[in-house]
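Numbering (our numbering), first residue to last: 53 to 518.
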Ligand SMILES: [Zn+2]
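See the structure below:
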């Protein structure tokens, strides 16, 4: 199979189409971002319905789909959040491309920390501020722009297959996503899946997200006594559970701050400029605090394991007395490298804990959470086509980036559609502040993202038939 490159003429057609229509695309983004569709139980489900409806109307308006539906999974008798599914079947052996985004948003959080109203999208300079302006309503309008561009440039009878899947519960952890995929597998099946829910390297430099770390979390309970003791009576002769827990947890990192668990996989990130100064600024590291770990900073945050103790059940300072605790629970969160198997990482973590348990304390395991990492290892025509489209759309060479966290639904996609090539693209940039107050999207970058996705669809449409 050969990859079709867009001609200079097509590239300028795509740019001019997006330029001509960008004001109306921006208005659509503003209208969508006014709807506070939040899939958390504490929020009004009506808004989420309105949000799904608005997206389905926009998709119907393109007049390219065989159907546009609002659907939900009915796993366990409890309906999931409304997702929008639209499909136009591929013709003459052309590829089927699925475009993913989500229409639900994060709760606004602390209203006082917003400089504009979270659900009153506000333009300041080149940035549009508002909850969902970037994550992920910018993804939806990018797909819409690309669909309209292919219709305009390749003609209404274009042969590329297109599937739209706009989820409605991503920010709530996609609880019914897997069921939804299984129930709608026929309509969602595709050769290429484009997930527009990540970021670009900068507003100028486009990126594909090619690695995501996975997650292993484990609750443990360390016990040393069968009841609480007065520390003035027995302290010094018997260990309390807090002391044993602290000693145990302290073995999980080496002196430099690397994860000390033997046998965990680690990879290498692409070499992109990222300085210690930038790390300090981005992370808010205090002036005297040193960075930890070894290897490049991007290796450490994208392709090596990282471990954080995210909870310890002890006594609060306010309620503390001179008591030795008999048992202490804690929760360990281990980010695992792309290519790691969560079950294997969990076994290595447990082997480490058991080998380092001090004073013959007793160790019990509680709740576990496992999330698969993602690594783009498949190859295929779509990735080079996407790189060419991004480079043309931005006028800058596209780079490969990683994410230190996970996007759990991507693991589900790889399981249900093992043959599909998955591309994770971005509509966010380093200043987007997704999930935080003052979320925003850079409109100049969004325009380039729209051109790029249009070019990718056009390349798919010109792709040799299977
Ligand atoms: Zn998102």
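Built from N, CA and C at the ideal position, the CB exists for glycine as well.
Inter-residue Cα distance where the pair is residue i and residue j
i: residue 465; j: residue 233; result: 8 Å
i: residue 70; j: residue 106; result: 21 Å
i: residue 198; j: residue 108; result: 16 Å
i: residue 146; j: residue 117; result: 16 Å
i: residue 474; j: residue 277; result: 52 Å
i: residue 77; j: residue 179; result: 14 Å
i: residue 500; j: residue 343; result: 35 Å
i: residue 218; j: residue 130; result: 20 Å
i: residue 45; j: residue 368; result: Outside the displayed span of the chain (53 to 518) sits residue 45, for which this structure offers no information.
i: residue 292; j: residue 374; result: 12 Å
i: residue 84; j: residue 417; result: 45 Å
i: residue 385; j: residue 269; result: 4 Å
i: residue 421; j: residue 297; result: 21 Å
i: residue 157; j: residue 477; result: 18 Å
i: residue 96; j: residue 393; result: 38 Å
i: residue 481; j: residue 255; result: 6 Å
i: residue 88; j: residue 327; result: 37 Å
i: residue 181; j: residue 376; result: 51 Å
Spatial neighbours of residue i in its chain, beta-carbon cut-off 8 Å, leaving aside the 5 residues before and after
i: residue 306; result: 312
i: residue 351; result: 318, 319, 320, 321
i: residue 400; result: 313, 314, 315, 316
i: residue 177; result: none
For residue j and residue i, believed in contact at Cβ under 8 Å, the rounded distance
i: residue 479; j: residue 468; result: Not confirmed; about 24 Å, so no contact.
i: residue 159; j: residue 90; result: 5 Å
i: residue 249; j: residue 155; result: About 11 Å separates the two Cβ atoms, so there is no contact after all.
i: residue 127; j: residue 231; result: 4 Å
i: residue 452; j: residue 262; result: 4 Å
i: residue 354; j: residue 456; result: 6 Å
i: residue 425; j: residue 388; result: 6 Å
i: residue 472; j: residue 245; result: 5 Å
Residue i: CB within 7 Å of a non-hydrogen atom of ligand 1
i: residue 243; result: no
i: residue 249; result: yes
i: residue 222; result: yes
i: residue 521; result: Residue 521 lies beyond the residue range present for the chain, which begins at 53 and ends at 518; the question has no answer from this structure.
i: residue 154; result: yes
i: residue 187; result: yes
Beta-carbon contacts of residue i that lie in its chain and below 7 Å, excluding the five residues immediately before and after
i: residue 206; result: 510, 513
i: residue 415; result: 272, 274, 405, 406, 409
i: residue 53; result: With a pLDDT of 41 at residue 53, under the threshold of 50, the modelled position of that residue is not reliable, and the figure given next carries that caveat. Contacts found: 433, 516.
i: residue 213; result: 140, 141, 142, 146, 147, 148, 149
When the options are compared against residue i, the one with the closest alpha-carbon
i: residue 123; options: 294, 144, 302, 239; result: 239
i: residue 171; options: 427, 317, 99, 339; result: 99
i: residue 449; options: 389, 253, 151; result: 253
i: residue 165; options: 502, 489, 515; result: 489
i: residue 341; options: 362, 446, 503, 308; result: 308
i: residue 433; options: 294, 130, 148; result: 148
i: residue 222; options: 152, 208, 270, 412; result: 152
i: residue 283; options: 131, 115, 372; result: 372
i: residue 295; options: 379, 247, 217; result: 379
i: residue 359; options: 338, 332, 263, 302; result: 302
i: residue 144; options: 101, 210, 129; result: 210
i: residue 496; options: 59, 396, 75, 58; result: 75
i: residue 366; options: 121, 59, 241, 280; result: 280
i: residue 412; options: 357, 381, 299; result: 299
i: residue 442; options: 229, 258, 243, 162; result: 258
i: residue 348; options: 323, 204, 440, 265; result: 323
i: residue 204; options: 436, 267, 114; result: 114
i: residue 462; options: 162, 168, 120, 225; result: 225
i: residue 508; options: 439, 487, 447; result: 439
i: residue 491; options: 174, 431, 398; result: 174
i: residue 402; options: 120, 285, 304; result: 304
Residues near residue i by beta carbon distance below 6 Å, same chain, minus five either side
i: residue 63; result: 444
i: residue 86; result: 171
i: residue 383; result: 271, 362, 363
i: residue 506; result: 66, 198, 201
i: residue 503; result: 66, 67, 70, 445
Proximity test, Cβ basis, 8 Å: residue i and chain B
i: residue 391; result: This model lacks chain B altogether, as it is built from one protein chain only.
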